[in-house]
Structures are given as structure tokens and as C-alpha cells.
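Asker:
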Amino acid sequence: MKPFDIVIVGGGGAGLYAAMEAMKTNPGLNIAVLSKIYPNRSHTSAAQGGANAALANKAKDDTVEMHIFDTIKGSDYLADQDAVEVLCSEAPKIIRELDNMGTPWSRMDDKTIAQRPFGGAGRPRCCYCADKTGHTILQTLYEQCLRKGVFFFNEYFALELSVDGSRSRGLIAMNIKTGKVEAFPAKTVIFATGGYAKMYWNRSSNAAGNTGDGQAIAYRAGIPLKDMEFVQFHPTGLRKSGLLVTEGARGEGGYLVNAEGERFMKRYAPEKMELGPRDLVSRSLETEILEGRGFDSPAGKYLHLDLRHLGADIIKSRLPQIREMCMYFEGVDPIDEPVPVRPTAHYSMGGIDTDNFGRTIIEGVYAAGECGCVSVHGANRLGGNSLLDILVFGRITGRAAAEEASQFNPSAIPASEVDEKEHELRSFMQPRGHYERYGTLREDLGHTLGANVGIFREASKIKQGIADVESLRERFGHVRVFDTGDVYNTNLLQVLELKNMLDLAETVAEGALVREESRGSHTRTDFPTRDDEKWHKHTIYTYDGGRPKLTYKPVTMGRYELQERTY
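The sequence shown lines up with residues 1 to 567 when you count with UniProt numbering.
Dropping the structure here:
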């Protein structure tokens with residue numbers, strides 16, 4: 001295959017914005033987007049609530065500086081402050097650019113872009129399209145990429161980064177439609193594959209495909225990961241499925257209520273109430289359940305999100321998708337009944353370690369969006385900053401790759417590498433005496449992570465989680481793929497995804513054990529306070545003989561000094 005200038009792995013918001021911006025920077029580039037599903041079905045479409053930007057449409061006194069402070073404070077002071085400044089300063093430009101492309105933003109009475117309050121924000125600055133914001137942005141970007149001539153390789157599964165010393169040669173991927181392993185030589189590669197929170201499986205809001213593929217591939221290729229122990233639990237997942245009920249429901253005025261009929265957030269965040277930062281609100285829900293103030297059901301204990309007082313008109317106009325989900329998955333119409341919710345693993349603050357331009361330590365390899373860690377979210381992401389992250393850094397990374405691609409001479413990917421991957425895939429299909437089924441291992445992984453490396457963590461439990469993950473990795477060596485066909489072999493695909501989740505789960509658990517403090521989404525009951533003297537630093541993970549090796553790097557400070565985080 002002819003070498004590409006840029007190969008982008010992932011067709012969500014970060015990947016599409018990177019492709020669009022790269023084509024805008026240099027229209028003559030040969031750009032390919034590889035996606036394991038069709039791009040307009042990427043997980044960006046599940047982002048409901050909106051994207052933050054200090055437009056000052058709703059609150060006339062809002063400023064970029066306020067957005068910067070809220071983000072740094074929300075991160076529990078682990079975010080790199082120079083990166084946060086880039087994120088928040090670029091936000092108004094990004095929202096207006098999307099508006100000019102035709103994104104159908106909800107509007108206020110004066111026809112300016114509507115903004116709603118979100119957790120941890122000092123002003124209502126979350127720009128939204130009803131409760132389908134990610135979906136509308138994704139369609140807009142996909143249209144622009146098609147218009148600009150980006151090549152799409154849909155239903156391709158990335159397998160390996162081909163590396164020659166400190167240089168990338170390109171990517172090796174499997175065509176899901178045919179089962180054929182193919183080489184994609186490229187001057188530059190951008191990973192934009194999303195998060196890894198689906199490793200919590202039956203307690204996750206993520207789509208089934210959010211299995212950390214990009215992070216795992218980069219990790220095994222020698223690229224460091226950063227802050228993997230920080231996994232955000234969203235407060236309001238539906239009781240049975242874990243599907244997300246947007247923070248916008250609380251931004252519109254929804255109440256959280258326990259079995260005693262009490263709006264319990266007054267105990268935990270008396271000023272912000274339901275609009276405290278996500279880590280705090282999730283811990284509050286989990287505490288209410290653990291202390292016996294939750295509702296019981298066969299699907300587990302839960303609490304209520306009450307929207308009834310908002311009225312039918314607001315629910316139908318601003319939260320139509322939420323209403324539909326509640327009716328379909330829970331049999332509850334939020335116009336008439338409270339919604340049963342519980343915290344659900346939602347977002348990965350950690351990811352591939354990059355600089356502010358998306359560059360990694362391997363020349364020609366970049367990462368953007370949730371699969372990267374630039375780090376703008378630190379120990380806890382604010383609602384409304386995830387869509388913003390993929391847009392801002394998708395754009396920046398695409399531009400950087402387009403400008404720098406000419407510096408790299410493409411080199412061929414050896415046929416032996418492709419043959420080796422082909423042999424590895426076939427080995428999963430070989431008969432063996434004792435075998436394991438991937439579904440059992442996947443369920444066991446989700447269970448041990450939820451029980452031992454979840455919202456509340458403690459040394460003995462984390463150690464049990466590490467031991468369980470090690471056992472699962474050993475059992476994975478006996479996994480057998482029973483479908484020996486080539487065409488749409490989803491059994492093989494799921495085994496490869498499980499391999500990625502197991503590698504990353506080990507980093508999450510190891511990092512959680514070592515970090516002896518509580519900060520943001522990482523709460524140690526045996527170390528309940530934040531320890532800035534010892535732990536105000538990023539955790540770095542490198543792949544060392546199949547195991548994670550942990551080192552550290554400083555947090556970039558600047559505008560704001562460390563202070564207590566209260567709401």
C-alpha cells in the first residue's frame with residue numbers, strides 16, 4: 001500500500017477534527033482514518049450534555065480565566081496548567097467554528113448559543129444541542145471530512161504500531177470484513193481511540209468498544225501512559241444498564257433523592273448541591289447506598305434522580321433522549337416518576353502521555369482526546385470538558401501532524417511483522433486441552449475492578465484486584481476463539497479487546513495501590529486526605545517485560561497555587 005501522510009486511528013470527535021484540520025492545513029495530504037465501527041456511530045455520539053466555553057451568553061460576567069480556574073480546581077490541582085490554558089482559551093473559537101459549520105446548537109431567546117450549568121463550574125457555560133450534543137457534533141465533523149476528501153477505512157481493528165527505534169513506520173490492522181491483516185505505512189500516526197472505562201464492564205456507561213485499544217497498542221510499543229489510576233465514575237448511570245443520564249439533567253434543575261426522601265447533597269456540597277464536581281457527587285451517592293439510605297431492587301441498590309418538577313415541556317425539549325432512554329431501559333417516564341440511578345464507570349483521565357501538541361516520545365506518533373493524557377483533567381474531569389478536550393486537542397494535533405509530516409520519510413513495514421500478527425491471530429483458534437471463554441474472563445475482570453478498584457479503594461482490596469488481574473492474564477493464555485472464519489469474526493475481535501483491557505487494568509490497579517492519598521476520582525479510605533508533599537505528581541507507566549514500570553513527572557503549575565478544594 002502507498003504510504004499515507006497521516007493515519008488516524010479512531011473516527012470519533014478527536015479523530016475527525018484532527019483529519020479535518022490536517023486537510024485544512026495542507027489540502028494536498030493523503031490522510032486515512034481507520035475506525036473499528038462506522039465513524040458516525042463512534043462513542044462521541046453518546047456525549048449528551050454539552051461542551052464548555054466562556055461565551056458569556058447565559059452569564060454575562062463569565063470569562064476564560066474563570067473557566068481555567070474551575071478546571072484546575074476540578075482536577076484537584078493535578079492538571080497541567082499550561083495545557084488547561086490552551087483548552088479554555090481555544091474553547092470559544094471552537095464552538096463558533098462548529099456553529100459556522102452548521103452544528104445545530106440550542107438557542108436562547110436572543111438567538112445566541114444556549115448555555116446550561118454543569119458540575120464544578122462557577123458559571124453556566126456548557127453549550128448544548130438539547131441532550132444530543134456529541135451526536136450532532138460528530139455528524140457535522142463527518143460531513144466536513146467527506147467533503148474535504150479524507151479516506152475512511154471503516155471496520156478495521158488496529159493491532160500494532162510498527163516501530164523502528166525511536167521512529168514509527170505506521171500501523172498494522174485487521175480488516176474486520178475479511179479477517180485479513182494489512183499494513184498501513186505512514187509518515188505520522190494519530191491515536192484517537194477513546195477511553196478504557198469499559199474494563200469495568202457491567203458497571204460502565206461506555207459503549208462495548210471502549211476497550212482502550214489505542215492506549216494498549218501505544219503502551220506495548222514503548223510509549224508511556226500517564227495517570228491511569230484516575231477513572232471517573234459518573235453519578236447518574238441507569239440502575240440496570242449503567243447507561244448515562246447526562247449531567248445536563250441536574251444542570252436543568254434535577255434533584256438527587258435518597259430512600260428517606262431527602263436531597264442528600266446538602267450534606268456533601270452545601271453550596272453546589274447536585275452540581276458539585278463528579279467525583280464528589282459519585283462518592284456521595286455511593287456513601288448513601290453503603291450507609292443504607294438507598295432503594296433495593298433485583299438489579300442492585302440505587303437512588304432517585306427526580307426531574308418531575310421541571311415539567312413536561314422542559315423534559316421534552318431539553319432532555320428528549322434521556323426521557324426515551326429511561327422509558328426504554330427502565331420503564332420509567334421521568335415526567336411522571338423519579339429515575340433510578342447509581343454511579344457508573346464513565347471516563348478515563350489517564351491515557352497516552354503527550355505534550356501540548358499531541359506528540360509522544362516516538363517520532364511521528366501523536367494522541368488526542370480521551371485516549372491521550374495532555375493533562376487537562378488531572379484527577380477529575382469537569383462535565384462539559386470532555387467534548388471540549390477532543391475538539392481542541394483533535395484540532396491542535398491534526399495541525400501539528402500536518403505541519404510535521406514532511407519531516408519524516410516513510411519506511412516500509414516489514415512483511416514479517418504482518419505475518420507474525422497473522423500467526424498470532426490464528427493461534428487463538430487452535431484447539432487446546434484446557435480452554436477459557438473470553439466472556440467469563442471479561443465478566444470476572446469487570447467484577448473485580450468494580451469491587452476492588454472502584455469508587456472507594458483500600459490497600460487490601462487493591463491487592464486482591466491486582467492478584468485477580470494477574471490470574472486473569474494467566475487464564476487469558478488459554479482463551480480459545482471458536483469461530484475459525486475470516487468474515488466478521490467478532491469472537492476474535494472481542495478476545496483482542498479483552499487482551500487490551502487486561503494490560504490496561506494492571507496499570508490502573510498498580511497505580512491505585514502505589515498512590516497513597518485521596519485526590520479527585522482516586523479515593524483511598526486508608527489514606528483519606530490529599531498529600532501534596534508526596535503525591536502532587538503524575539504517574540508514568542512504561543511496558544517493562546510485560547509488566548508496568550512506574551515512574552513520575554512533575555505537574556506543570558503557573559497561574560494558581562495549591563489550595564484546598566471545597567464546594
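Where is the CB? At the ideal position from N, CA and C, for every residue including glycine.
Would A91 pass as a contact of L161 if the rule is Cβ separation under 8 Å?
Answerer: For A91 and L161, no; Cβs fall outside 8 Å.
Asker: Of all the beta strand (DSSP E) runs that stay within the bounds of the region 149-223, which reach a length of 3 or more residues?
Answerer: 151-154, 156-164, 167-175, 181-191, all fully within the region 149-223.
Asker: If I'm right that T133 touches G50 with Cβ under 8 Å, what's the distance once you round it to whole angstroms?
Answerer: Right, their Cβ atoms sit about 5 Å apart.
Asker: Just curious, the beta strand (DSSP E) that Y552 is in, first and last residue?
Answerer: Start and end: 547-554.
Asker: Let's test the definition: count the other Cβ atoms within 10 Å of the Cβ of D61 and tell me whether it reaches 16, buried, or not, exposed.
Answerer: D61 comes out exposed.
Asker: Which residue's Cα is closest to the Cα of S406: N26, G10, V33?
Answerer: The shortest C-alpha separation from S406 is found at N26.
Asker: To the nearest angstrom, report how far apart P3 and I190 are at their CA atoms.
Answerer: So the two alpha carbons sit approximately 15 Å from each other.
Asker: Who does K537 pair with in a DSSP beta bridge?
Answerer: BP columns for K537 point to P554.
Asker: Just curious, the beta strand (DSSP E) that T354 is in, first and last residue?
Answerer: Where T354 is concerned, there is no enclosing beta strand (DSSP E), given that its DSSP letter is neither H nor E.
Asker: For A51, does the three-state DSSP call read helix, strand or coil?
Answerer: The answer is strand: DSSP assigns A51 an E or B state.
Asker: Three-state secondary structure (DSSP) at V469?
Answerer: It is helical.
Asker: For G28, which of C129, R250, F151, T112 has the nearest alpha-carbon?
Answerer: Measuring from the Cα of G28, the nearest candidate turns out to be F151.
Asker: Suppose the cutoff is 6 Å on Cβ atoms and the five residues either side in sequence are ignored; what does the same chain contact list for P410 look like?
Answerer: These residues qualify, in order along the chain: P3, P185, K187.
Asker: Tell me, which residues are paired with V9 by DSSP?
Answerer: V9 is bridged to L34, F191.
Asker: Can you tell me which of H67, I95, G394, N380 puts its alpha carbon nearest to the alpha carbon of G369?
Answerer: Out of H67, I95, G394, N380, G394 has the C-alpha closest to the C-alpha of G369.
Asker: Apart from the five residues on each side of it in sequence, which residues of its chain come closer than 8 Å, Cβ to Cβ, to K537?
Answerer: Contacts found: Y552, K553, P554, V555.
Asker: Between A509 and A312, what straight-line distance do the alpha-carbon atoms span, to the nearest angstrom?
Answerer: Those two C-alpha atoms are separated by around 44 Å.
Asker: What separation, rounded to the nearest whole angstrom, lies between the Cα atoms of Y328 and Y543?
Answerer: For Y328 and Y543, the distance between alpha carbons rounds to 43 Å.
Asker: Can you tell me which of A56, T136, A22, Y38 puts its alpha carbon nearest to the alpha carbon of A47?
Answerer: Among A56, T136, A22, Y38, the Cα nearest to that of A47 is on T136.
Asker: Looking only at its own chain, which residues have a Cβ that is under 7 Å from the Cβ of residue 588, when we skip the five neighbours before and after it?
Answerer: The first residue shown for the chain is 1 and the last is 567, placing residue 588 beyond what the model contains.
Asker: Only counting runs of 3 or more residues, tell me where the beta strand (DSSP E) segments fall wholly within the region 296-382, in order along the chain.
Answerer: Listed in chain order, they are 303-306, 339-348, 351-353, 365-367.
Asker: Run the CB neighbour count on G11, radius 10 Å, all protein chains shown included, and call it buried at 16 or more, exposed below.
Answerer: Answer is buried; the Cβ neighbour count reaches 16.
Asker: Drop a sphere of 10 angstroms on the beta-carbon of P340, count the other beta-carbons inside from all chains shown, and report buried for 16 or more, exposed for fewer.
Answerer: Looking at its Cβ environment, which holds 16 or more other Cβ atoms inside 10 Å, P340 is buried.
Asker: In the DSSP output, which residue or residues are listed as bridge partners for K226?
Answerer: Answer is G351, I540, bridged to K226.
Asker: What's the C-alpha gap between T344 and F408?
Answerer: Distance between the alpha carbons of T344 and F408 is about 43 Å.
Asker: For I94, which residues in the same chain have their Cβ closer than 8 Å to its Cβ, ignoring the five residues on either side in sequence?
Answerer: Excluding residues within five positions, the ones whose Cβ falls inside 8 Å are A51, A53, L388, L391, V392, R395.
Asker: Taking DSSP as the reference, what is the three-state secondary structure of H522?
Answerer: Reduced to three states, the DSSP call for H522 is strand.
Asker: For I462, does the three-state DSSP call read helix, strand or coil?
Answerer: Residue state, collapsed to three classes: helix.
Asker: Helix, strand or coil, according to DSSP, for E564 in the structure here?
Answerer: Coil at E564, not helix or strand.
Asker: Which residues in the same chain have their Cβ closer than 6 Å to the Cβ of K549, if we skip the five residues on either side of it in sequence?
Answerer: Excluding sequence neighbours, K549 sits near T542.
Asker: Express the C-alpha separation of E271 and I466 in angstroms, rounding to a whole number.
Answerer: Taking the straight line from one Cα to the other gives about 38 Å.
Asker: Closest by CA to W105, which one among E85, G122, A130?
Answerer: It is A130.
Asker: In whole angstroms, what is the alpha-carbon distance linking E403 and N489?
Answerer: Rounded to the nearest angstrom, the two C-alpha atoms are 38 Å apart.
Asker: Contact check, E291 vs L303 under 8 Å by CB: the rounded distance?
Answerer: Contact flag wrong, Cβ pair sits at about 12 Å.
Asker: Note down the Cα distance separating R239 from S204, rounded to an integer number of angstroms.
Answerer: Approximately 11 Å, taken between the alpha carbons.
Asker: Please return the same chain residues whose Cβ sits closer than 8 Å to the Cβ of T103, not counting the five positions on each side in sequence.
Answerer: The residues are C129, T136, I137, T140.
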